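Here is the structure we will look at, set down as structure tokens.
Numbering (the numbering used here), first residue to last: 147 to 278.
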């Protein structure tokens, strides 16, 4: 960011291993993981509280789904600029279109490597920096 602070990230996935991989990727990308949630309801609370630059959301998790969270984020004026990256084990054309239709910026298929996610997060960070 222009002020030198790292971009804030909230991650949500009901799988502990995926959350750990996301944390590794966020650290490798030089970003700040401000909250990590195991369900959509906790994720929504964290997103509203921290106003992250990037939200990494599992499409299918307890409580609010990643798609539900996309709609909530896009409907909230204070969060509308949040970049949303959806994670899903289902990467059919229909599922990707559904995610993008509700406002996701990116769609990444599971399983993924921390290196792959870190690279994509680094690219997103550059794009966000350039647009500020």
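Note that CB positions come from ideal geometry on N, CA and C, so glycine has one too. Computed from a predicted structure; not experimentally measured.
* Which residue comes first and which comes last in the alpha helix (DSSP H) that contains residue 228? -> Residue numbering aside, residue 228 sits at position 82 when the chain shown is read from its first letter. Per DSSP, residue 228 belongs to no alpha helix (DSSP H) and is neither H nor E.
* To do: If I'm right that residue 175 touches residue 268 with Cβ under 8 Å, what's the distance once you round it to whole angstroms?
  => Position 29 of the chain shown holds residue 175. Position 122 of the chain shown holds residue 268. With 8 Å as the limit, residue 175 and residue 268 qualify as a contact, their Cβ atoms being about 5 Å apart.
* Asked: Which ranges does the alpha helix (DSSP H) cover as unbroken runs of at least 4 residues, wholly within the region 185–218, from first to last along the chain?
  -> 186–196
* Ignore the nearest five residues each way along the sequence and tell me which others in residue 266's own chain have a CB closer than 8 Å to its CB. => Residue numbering aside, residue 266 sits at position 120 when the chain shown is read from its first letter. By the criterion of a C-beta distance shorter than 8 Å, residue 266 is surrounded in its chain by 231, 252, 254, once the five residues flanking it on both sides are discounted.
* How is the beta strand (DSSP E) around residue 259 delimited, first residue to last? -> For the purposes of this step, residue 259 is identified with residue 113 of the chain shown, where counting begins at 1. Note, residue 259: premise wrong, no beta strand (DSSP E); not H, not E.
* **contact_flag[the region 154–169, the region 196–207] where n(CB pairs < 8 Å) is 3 or more** => yes
* To do: Out of 209, 249, 233, 243, point me to the one whose CA is closest to residue 219's CA.
  => Position 73 of the chain shown, counted from the start, is the residue given in the question as residue 219. With distances taken between Cα atoms, residue 219 lies closest to 249.
* **Contact belief for residue 169 with residue 179 at Cβ below 8 Å, rounded distance in angstroms** => Indexing the chain shown from 1 puts residue 169 at position 23. Indexing the chain shown from 1 puts residue 179 at position 33. About 6 Å; that satisfies the 8 Å criterion.
* Asked: What whole-angstrom Cβ distance do residue 196 and residue 184 have, given they're in contact under 8 Å?
  -> Your numbering for residue 196 matches position 50 in the chain shown. Your numbering for residue 184 matches position 38 in the chain shown. In fact, because the Cβ distance is near 16 Å, the residues do not count as touching under 8 Å.
* **N-terminal and C-terminal residue of the beta strand (DSSP E) that residue 155 is part of** => In the chain shown, counting from the first residue as 1, residue 155 sits at position 9. Looking at the DSSP string, the run of the beta strand (DSSP E) that includes residue 155 is 154–158.
* Asked: Closest to residue 270 by CA distance: which of 210, 177, 225 is it?
  -> The residue labelled residue 270 in the question sits at position 124 within the chain shown. With distances taken between Cα atoms, residue 270 lies closest to 177.
* Expressed to the nearest angstrom, what Euclidean distance is found between the alpha-carbon atoms of residue 233 and residue 256? -> Locating residue 233 in the chain shown gives position 87, counting from the first residue. Locating residue 256 in the chain shown gives position 110, counting from the first residue. The straight-line gap from Cα to Cα measures roughly 6 Å.
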